[in-house]
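Heads up: the sequence lines are chains A and B, in that order. Using this note's numbering, the first residue of the first sequence is number 6, and each one after it goes up by one. Using this note's numbering, the first residue of the second sequence is number 6, and each one after it goes up by one. For glycine and all other residues, C-beta sits at the position ideal for the given N, C-alpha and C. Taking it in order: structure first as structure tokens, then the write-up.
There are 2 protein chains.
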Amino acid sequence: MGTMRQQRSADTRVKILEAALELFRERGFAESTMREIASRSGVATGLAYYYFESKDAIVLDYYRRALADLGPLLEPAHRSKKLEDRVIALLEAKFAYFEPNRRFLGALMSNAADPASPLSPFSEPSRPIREFDFAQFQRALDETGVSIPNDLAPHLAKILWMYQMGMLLFWIYDRSEGQSRSRQLIKRSIGMVVLLLKLSNLPLLKPARKAILELVAILEG
Amino acid sequence: MGTMRQQRSADTRVKILEAALELFRERGFAESTMREIASRSGVATGLAYYYFESKDAIVLDYYRRALADLGPLLEPAHRSKKLEDRVIALLEAKFAYFEPNRRFLGALMSNAADPASPLSPFSEPSRPIREFDFAQFQRALDETGVSIPNDLAPHLAKILWMYQMGMLLFWIYDRSEGQSRSRQLIKRSIGMVVLLLKLSNLPLLKPARKAILELVAILEG
DNA sequence: ATGTTCAGTTGAACGTGTTCAACTGAAGTA
DNA sequence: TACTTCAGTTGAACACGTTCAACTGAACAT
Chain A
6 MGTMRQQRSA DTRVKILEAA LELFRERGFA ESTMREIASR SGVATGLAYY
56 YFESKDAIVL DYYRRALADL GPLLEPAHRS KKLEDRVIAL LEAKFAYFEP
106 NRRFLGALMS NAADPASPLS PFSEPSRPIR EFDFAQFQRA LDETGVSIPN
156 DLAPHLAKIL WMYQMGMLLF WIYDRSEGQS RSRQLIKRSI GMVVLLLKLS
206 NLPLLKPARK AILELVAILE G
Chain B
6 MGTMRQQRSA DTRVKILEAA LELFRERGFA ESTMREIASR SGVATGLAYY
56 YFESKDAIVL DYYRRALADL GPLLEPAHRS KKLEDRVIAL LEAKFAYFEP
106 NRRFLGALMS NAADPASPLS PFSEPSRPIR EFDFAQFQRA LDETGVSIPN
156 DLAPHLAKIL WMYQMGMLLF WIYDRSEGQS RSRQLIKRSI GMVVLLLKLS
206 NLPLLKPARK AILELVAILE G
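Here you go:
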């Protein structure tokens, strides 16, 4: 395989992607134009659209790349045996990985916050990334031996995931030195979240659980 | 006051606003262009920008107008003596008022969902609308005699407001006949929300309350 | 060798939100 | 009445994301 043609094409794609990320880091997402991205890659405007469906699509590619990079980096976090510690370790690993692009991610939020935008973590294009993340928390729940009522099982990983998204969002916007406030927030909240998950196992709460599951059913249509 | 000049000017402003809302209702927000809005008002493109800072600003004006209209319409809802009933009545009054623009509001969400967008209910420009709404729920709490721990008092109205925003959001996207699913959702959830508010008054929960208040403090910076 | 094909590439053009220098005419001034 | 002013108005122009008809040249076929 690998003809010279294909090689050059792949190179061009990477060249464009990297010029774009560079610009995004320098100026933010909205402030970087496709013309600028193309010209910095030494390429015509149209070619950027040959390789990427849209400006948003470039960001989706960045997510994909991050997803791939993150896989191995998350492995050490899974050594923690307490659920609290593990969630914190997962978050710290992500903080470390995204640190260089924190500002750029912040600038992205004006698009990503809209659930209808492809850039949103809730969007259809983001599904693979999202499901990779669900799996992390599913694994954390399994391996730390938190006992879970059958009816709730599929939802608890989602709850942890949403908690993580909240912390990540806070971290992105956190302007305190070294994002210390984010760490403080996590330290003070993780216990509550885990407690809530464990409480859901109490037989006492079965009726409430049923009511909540009914709600979820309506919500999911 | 009221010279002919000023009258004509005010008329022009209204003419533009109404042409815009008409178009938004017909085609949605994103699909309506400023050129079209101007031309339908029989006016040059630039004049729309003389009266409205941006396309978004036209929508903000619509919010403002809705706010003014809604004041008296909400009064009957405040006759309910049970908190549950009153929240439902407030929601139904808003449903009724916004019904003709439900589709247009839906199309707006792709912008309004971003907390950084001026159109978001959480944005700075939306503050007056938001605070008017807070006040409704504050009043509902006061007048239905729900006893509230002092430390939580300022936050409970916000919780009800957020609940309302959630229901409104669901209603906007609700494609079921006459938005019956929204009503179902409200019927099944309002009890839980009110119960939660009342539980917060139990002395038993004081430590949890303190922990949560600390969290809120970190969140608000 | 020569011709064919089509992935890769170009840049002008489109439609958008928005800006701005210039114009108009009613209201105020002498 | 004649002059000044400036709120109200105009439409061409700008920068953007995106599209597209046309061109180029490596890979393959004959």
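Note down, in chain order, each residue of its chain lying with its Cβ closer than 7 Å to the Cβ of D5/A, except the 5 sequence neighbours on either side. Past the edges of chain A, shown from 6 to 226, lies residue 5/A, and the structure says nothing about it.
Please look up how many angstroms separate the CB atoms of S205/A and L146/A, rounded, as I've assumed it's under 8 Å. Residue 205/A sits at position 200 when you count from the first residue of the first sequence. Residue 146/A sits at position 141 when you count from the first residue of the first sequence. Not a contact, Cβ separation roughly 12 Å.
The alpha helix (DSSP H) spanning R135/B covers which residue range? As a position in the second sequence, residue 135/B is number 130, starting the count at 1. Looking at the DSSP string, the run of the alpha helix (DSSP H) that includes R135/B is R132 to E148.
Is F103/B helix, strand or coil when you go by DSSP? As a working mapping, residue 103/B is identified with position 98 in the second sequence. Note: F103/B maps to helix in three-state DSSP.
Burial state of N55/A (16 or more Cβ within 10 Å): On the first sequence, residue 55/A is found 50 positions in, with the first residue counted as 1. Position check: residue 55/A holds Tyr in this sequence, whereas Asn was assumed. Y55/A comes out exposed.
List the whole-angstrom C-beta distance separating I93/A from I191/A, where the pair is believed to meet the contact cut-off of C-beta under 8 Å. For this step, residue 93/A is matched to residue 88 along the first sequence. For this step, residue 191/A is matched to residue 186 along the first sequence. Confirmed, Cβ separation roughly 6 Å.
Can you say whether D179/A is buried or exposed, counting buried as having 16 or more other CB atoms within 10 angstroms of its CB? Residue numbering aside, residue 179/A sits at position 174 when the first sequence is read from its first letter. Looking at its Cβ environment, which holds 16 or more other Cβ atoms inside 10 Å, D179/A is buried.
Proximal chain B residues relative to M197/A, where beta-carbon distance stays under 9 Å: Against the first sequence, residue 197/A aligns to sequence position 192. Result: A213, A216, I217 and L220.
Determine the closest residue to G150/B out of K99/B, I177/B and K87/B, with distance taken between C-alpha atoms. If you number the second sequence from 1, residue 150/B lands on position 145. When only C-alpha atoms are compared, the closest one is K87/B.
Taking the continuous alpha helix (DSSP H) assigned at V64/B, which residues delimit it? Counted from its first residue, the second sequence places residue 64/B at position 59. Counting along the chain, the alpha helix (DSSP H) containing V64/B begins and ends at K60 to L79.
If you compare alpha carbons, which of D74/A, V19/A and A98/A is closest to S85/A? Residue 85/A sits at position 80 when you count from the first residue of the first sequence. Of the listed residues, the one whose Cα sits closest to S85/A is A98/A.
Reference L113/A, options S46/A, L28/A, L96/A and L161/A, closest by Cα: Stepping through the first sequence from its first residue, residue 113/A is reached at position 108. Out of S46/A, L28/A, L96/A and L161/A, L28/A has the C-alpha closest to the C-alpha of L113/A.
Contact between the stretch 43-58 of chain B and the stretch 10-28 of chain B (3+ Cβ pairs under 8 Å): yes
By the 10 Å Cβ neighbour count, where 16 or more other Cβ atoms means buried, how is G183/B classified, buried or exposed? Start at 1 with the first residue of the second sequence, and residue 183/B comes out as number 178. With fewer than 16 other Cβ atoms within 10 Å, it is exposed.
Return the residue from the list D90/A, A62/A and V198/A that minimises the CA-CA distance to L220/B. Numbered from 1 along the second sequence, position 215 holds the residue referred to as residue 220/B. Checking every option, the nearest Cα to that of L220/B belongs to V198/A.
Do we get a CB-CB distance below 8 Å when we pair R188/A with the residues of chain B? Along the first sequence, read from residue 1 onward, the residue named residue 188/A stands at position 183. For R188/A, the answer is no, since every Cβ of chain B falls outside 8 Å of its Cβ.
Less than 8 Å between the beta carbons of I42/B and A62/B, yes or no? As a working mapping, residue 42/B is identified with position 37 in the second sequence. As a working mapping, residue 62/B is identified with position 57 in the second sequence. Cβ atoms of I42/B and A62/B: not closer than 8 Å.
Output yes or no for whether 8 Å exceeds the beta carbon distance between N106/B and R32/B. Numbered from 1 along the second sequence, position 101 holds the residue referred to as residue 106/B. Numbered from 1 along the second sequence, position 27 holds the residue referred to as residue 32/B. No.
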